[in-house]
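Report on one structure; see the data block that follows.
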Amino acid sequence: MTQPNPDAKEANGSQQVLTFVLGNETYGVDILRVQEIRGFTAVTKIPHAPSHVLGVLNLRGSIVPIVDLRMRFNLDRADYNAVTVIIVLSIQSASGRRDFGVVVDGVSDVVDVPQAEVRPAPEMGSANATEYILGLVPVAERMVVLLDIDCLIGNDLRGLSQAA
Amino acid sequence: MTIDLTQFHGVFFEESFEALDSMEAALLKLDVGAPDPERINTIFRVAHSIKGGSATFGFTAVASFTHTLETMLDEMRAGRMNVTQAISDLLLKSVDVMRDMLRAVQNHQAIDAQRVADLQFDIELAIAQKNAAPAASAQAGVEPAAAALPPAAPVAAAPAAATSPAAVTVAAPEPATTVPSMVPRWAISFRPGKAFVGGDGDPLRVMRELEAMGTLRAFADVGGVPSLAELDTARCYVSWRVELEADVSEQAIRDVFAASAQDWELSISGGPQSPGGSETDPESSATDDAHGDSESIPAVAENPQLSGGSREAREEGPAQIEVPAAAVASAAETSAAAVASTAEAGAAAVASAAPMATSTQAAAATHTAAPTADSSSIRVSVEKIDELMNTVGELVITQSMLSQLGQKLEGPDADRFRSSLAQLERNMRGLQESVMRVRMLPISFVFSRFPRMARDLAQRLGKQIELKLTGQETELDKTVMEKIGDPLTHLVRNSIDHGIESPEARVAKGKPAVGVVHLDACHRGGNIAVEVSDDGAGLDKDRILAKARSRGIVGQSDVLTDEQIYDLIFEPGFSTAEKTTDVSGRGVGMDVVRRNVHELGGKIEIRSTPGKGSRFTITLPLTLAIVDGQSVAVGSETYIVPLVSMVESMQLQPQQVSRLPGLGEVLSFRGEYLPIVRLHEVFSVEPRSRALHEGLIVVAEGDGRRVGLFVDDLLGQQQVVIKSLETNYGRIEGVSGATILGDGSVSLILDLPGLIRAASLRQAA
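As given, the protein sequences belong to chains U and L, one line each in that order.
The working numbering numbers the first residue of the first sequence as 1 and each following residue consecutively.
The working numbering numbers the first residue of the second sequence as 165 and each following residue consecutively.
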């Protein structure tokens, strides 16, 4: 975990996580990284972008790239509809804070996740497949996959700005 | 109680750099030989305030250097030192050194001590050479200012009190003070009697004669002058107090007065046994200095109480001497009247040698007190303004979204709603313009660096240059300003180096020896035009062309227009200078100028007449935050083509298009063949139609190349606020940024040079 809230962690050894649904799975991200949750609106396409970068949106005056997590995770592509949601997240990079939005099927809940309950992701084959998974945690009889967004998106975006 | 002074450092540096700029400007306007005293004062004030500030903050190196500088300026101000070319050079160098020192201190780097010491030595040498004696005295007078800033009054009062009892007890002739000087010192006070006779009764004659005996210091007491109504023109109301250092007898002095028919009220004291002056001087002068800022020095007679007191004292007996009221005023302040007789006796001894230094310091103090508060402006960080701009941009979008909603609205209140919306739109536009203007600065910020540069260059090249600056108040965006400085510097340097001929050559051609370089700025439409023109030799077309042919840039048989030939000088590595100087001639520069101007979305044009001079015109957008754009539609996407890169738009006839092997599709456009760039292909979007005649062609240029952009439709022209894509995403080839349209959606702004590069790569691939 790169930037958990130290206070929350030390106080009760837990963190708050925003969970969302993608296909049949539930994923979670650190709530402190969430800037905003908004409905899906049409994006402006960016030429020569990777296929999972849908385009850019206007987020209160700044231009924010939008990533389709289904496509990033190689899931079946879903139609965007009324419940399709964009979660705007921020990552810390060498060049400062960067905001971006991820398209998910729907937002579920905010849950407290005690550190003690977080299980490491099982080692399977190549490390690449699991490097952006911080761990797994059971919440209400479901398995929530905690994502390391710095790793997941940060690397993508870093590659983009360097390539240009 | 300690105060953390570091919090004030930023302000100090900022103000000091600004002050140095104004000092430099004043120096450049300083006429050699006949300097304007006000200019010298300006320069002096800068040195003085930097000295004061750096001493306060403990930047001793800076304080020490400025102190030396101030000493020299003081000499100049007092008229004891002429302003020569060498001195003016020295002062300009000092500005550079001070700037570097302050910058070094600001960045916590080491100061180039050797350079500072060298220059300091030069200045001291200059002072010494000009006028050894007065320089030394001024030095003595100024010295304490740096050292003794803190508590002034108590220190001042102390020595006065301490010496006064001694003075009183030893009484009559005069106190014997600590360090006897070899030359007897006389304190003489005199006043013409009731009937003023004139002629040899003239006090000036007396002064002259006294001065012939030795070193003389005279102080006039005008306290006795009555109001205008009571004034008797036949009488002299002024009395004088004179200090004379001369090896003469008291009788000799009396003889001077006796030589006239005038009757004098005369008192003489001091003499060989009482050499008056003492070593407490520096302290009392320091006192004066420190006090000077607030109180300045009440002139001898401005305080009736004091002068009244001194008159009384005089009447008490011939052994009493007059008191320098200045010393009393600063030493004893309010209690002056009460302790008059005792304090006066002592203070007279203490301060007798001080007045010279005191008066110069007093002058300095009153001058430094005056400036500051000129313009009512505040400093605001650029981020805050950007934030404001952002918010206003958002408001504009929200407002236009509301407007669009309002159009569809129906019902009884719809009309009222729409008229309110119209009002909102007007106010919104006003607000946006105001915020834009906040970022605007007059171009004089850039121009101000050129007088110095022109002067230095002209000197080095042995040319005579007059630099004319006009349109300095023309405002442009700060970001543009920052980037226009270097290109302009290049152009001015070029004009001076290559354009203006040597004075001899100019005279031979029948031109005035002084060459004129003219910098002008003005608004033209939504752009700002900056012109650099000179009345020099002009560009040599033949030589440029010959050079270009020899370098293979232009074919041997090609015929070029004048404009095309002039444009050649912007080619990288192109220089027609016969020899490379350290000023220019290496051929780097003009290509950089053009690139910088293009990066700003501007244009540069050359006009030149052989023998008459050349004119470089740079046209720039007023701001980098906003661009005039043409919206074009490609499929479902909207792109913005900056108007500055647009040439024209047209509907294609099928016969205008031909296919060339290796070039793809080209269209003939006014005798030129332009490659057609299908925007939908470059950006991989689905167009409405792939047939060229069903869409439109936008002829656009970038980096001097023209292409025909194939788009589906033209939508409209508008000003758009440029937003960065790189903040959250990254750079995209062919796209310079993004903007937010009226409906809140994002549109990409095309970067033509990049787009053309990308397109030609695709062709090649």
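Beta carbons are placed, not taken as given, at the ideal position from N, Cα and C, and that holds for glycine.
#### Entry: Completely contained alpha helix (DSSP H) runs for the region 709-742 of chain L, where each covers 4 or more residues
Entirely contained in the region 709-742 of chain L, the alpha helix (DSSP H) runs reaching 4 residues are, in chain order, 726-731.
Beta-bridge partners of N691/L, as assigned by DSSP:
Answer is R688/L, P785/L.
Fill in: Sufficient close CB pairs (3 or more, under 8 Å) joining the region 763-773 of chain L to the region 692-711 of chain L
Yes, since at least three Cβ pairs between the region 763-773 of chain L and the region 692-711 of chain L fall closer than 8 Å, the two stretches touch.
Expressed to the nearest angstrom, what Euclidean distance is found between the alpha-carbon atoms of K583/L and P785/L? First, the residue type needs correcting, since residue 583/L is Ser and not Lys in the sequence shown. For S583/L and P785/L, the gap between their C-alpha atoms comes out near 34 Å.
**Asked** Is the shortest distance between the beta-carbon of N554/L and the beta-carbons of chain U less than 9 Å?
**Response** For N554/L, the answer is yes, since a Cβ of chain U falls inside 9 Å of its Cβ.
Kindly list the residues whose CB is nearer than 6 Å to the CB of A225/L, restricted to its own chain and excluding five residues on each side of it in sequence; keep chain order.
Correct list, in chain order: I275.
*With DSSP as the reference, label D915/L as helix, strand or coil.*
In this structure, D915/L counts as coil in the three-state DSSP scheme.
> Hey, does E665/L have any beta-carbon neighbour from chain U nearer than 9 Å?
Replying inline: Taking 9 Å as the threshold, the shortest C-beta distance from E665/L to chain U does not fall below it.
Straight-line Cα distance separating V402/L from D411/L: Computed Cα separation, rounded: 27 Å.
Practice problem: Report buried or exposed for Y730/L, applying the criterion of at least 16 other Cβ atoms within 10 angstroms of its Cβ. | Solution: By the Cβ neighbour-count rule, Y730/L is buried, with 16 or more other Cβ atoms within 10 Å of its own.
Check whether the Cβ atoms of G777/L and S888/L sit closer than 9 Å, and answer yes or no. No; because the gap between Cβ atoms is not below 9 Å, this pair is not in contact.
Paired residues, beta bridge with Q36/U - DSSP = Checking the sequence shown, residue 36/U turns out to be Glu, not Gln. DSSP output for E36/U lists V88/U as bridge partner(s).
Exercise. Touch check for the region 663-679 of chain L and the region 631-645 of chain L: three-plus C-beta pairs under 8 Å?
Worked result: Counting Cβ pairs under 8 Å, fewer than three are found: no touch.
- Item | Residues near M814/L by beta carbon distance below 6 Å, same chain, minus five either side | Only I861 meet the Cβ criterion.
- Item | Of the listed residues V21/U, F20/U, G28/U, nearest to V118/U (C-alpha basis) | Considering only alpha carbons, the answer is G28/U.
Self-check item: Bounding residues of the beta strand (DSSP E) (the contiguous stretch that carries V546/L)
Solution: Where V546/L is concerned, there is no enclosing beta strand (DSSP E), although the alpha helix (DSSP H) it sits in stretches over 546-572.
Going straight from the alpha carbon of G174/L to that of M240/L, what length do you get?
Using only the alpha carbons, I get a separation of about 31 Å.
> N892/L CB to nearest chain U CB: under 9 Å?
Replying inline: For N892/L, the answer is yes, since a Cβ of chain U falls inside 9 Å of its Cβ.
Report task. Within the region 169-238 of chain L, note down every full alpha helix (DSSP H) run reaching 4 residues or more, in order along the chain. Result -> You should have 170-193, 201-220.
Q. By a C-beta neighbour count over all protein chains shown, 10 Å radius and 16 as the cutoff for buried, is M565/L buried or exposed?
A. With fewer than 16 other Cβ atoms within 10 Å, it is exposed.
When the Cα atoms are used, what is the spatial distance from R758/L to L912/L? Spanning the two alpha carbons is a distance of roughly 25 Å.
**Q.** Assumed close pair I607/L, A618/L - CB separation to whole angstroms, cut-off 8 Å
**A.** That belief does not hold up - the Cβ atoms of I607/L and A618/L are roughly 16 Å apart, past 8 Å.
Touching by the beta-carbon criterion (3+ pairs, under 8 Å), the region 648-664 of chain L and the region 707-722 of chain L: Cβ pair count under 8 Å is below three, so no.
Span separating the alpha-carbon of Q881/L from that of V798/L: Here the C-alpha atom of Q881/L lies approximately 16 Å from the C-alpha atom of V798/L.
Taking I149/U as the reference, which of G23/U, I31/U, N24/U, G13/U has the closest Cα?
Residue I31/U holds the alpha-carbon nearest to the alpha-carbon of I149/U among G23/U, I31/U, N24/U, G13/U.
Query raised in the report: Mind pulling the chain U residues with CB within less than 8 Å of I920/L?
Result: Those do not exist, as I920/L stays about 15 Å from chain U at its closest Cβ, beyond 8 Å.
One question on the structure: do V269/L and F181/L come within less than 9 Å of each other, judged by their Cβ atoms? In this structure, F181/L does not lie closer than 9 Å to V269/L by Cβ.
Exposed unless 16 or more other CB atoms sit within 10 angstroms - verdict on N892/L: Buried, because 16 or more other Cβ atoms sit within 10 Å of the Cβ of N892/L.
Problem set entry | Top-ranked residue by Cα proximity to G39/U, from S93/U, Q15/U, N58/U, N74/U | With distances taken between CA atoms, G39/U lies nearest to N58/U out of S93/U, Q15/U, N58/U, N74/U.
Margin query: What does the Cβ neighbour count give for V835/L, buried or exposed, with the cut at 16 atoms within 10 Å?
Written below: Checking the displayed sequence, the identity of residue 835/L turns out to be Gly instead of Val. It is exposed - the Cβ of G835/L has fewer than 16 other Cβ atoms within 10 Å.
Bridge partners of L136/U, per DSSP? L136/U is bridged by DSSP to R119/U, V145/U.
*In or out: T379/L buried (at least 16 other Cβ within 10 Å) or exposed?*
With fewer than 16 Cβ atoms within 10 Å of its Cβ, T379/L is classed as exposed.
Let me know the secondary structure DSSP gives H52/U once reduced to three states.
DSSP places H52/U in coil when its eight states are reduced to three.
- prompt: Which same chain residues, not among the five before or five after L559/L, have their C-beta less than 7 Å away from its C-beta?
  reply: Excluding sequence neighbours, L559/L sits near M592.
N- and C-terminal bounds of the beta strand (DSSP E) containing M810/L: Its beta strand (DSSP E) spans residues 810-814.
Does F738/L have its Cβ less than 9 Å from a Cβ in chain U? Taking 9 Å as the CB threshold, F738/L stays off the interface with chain U.
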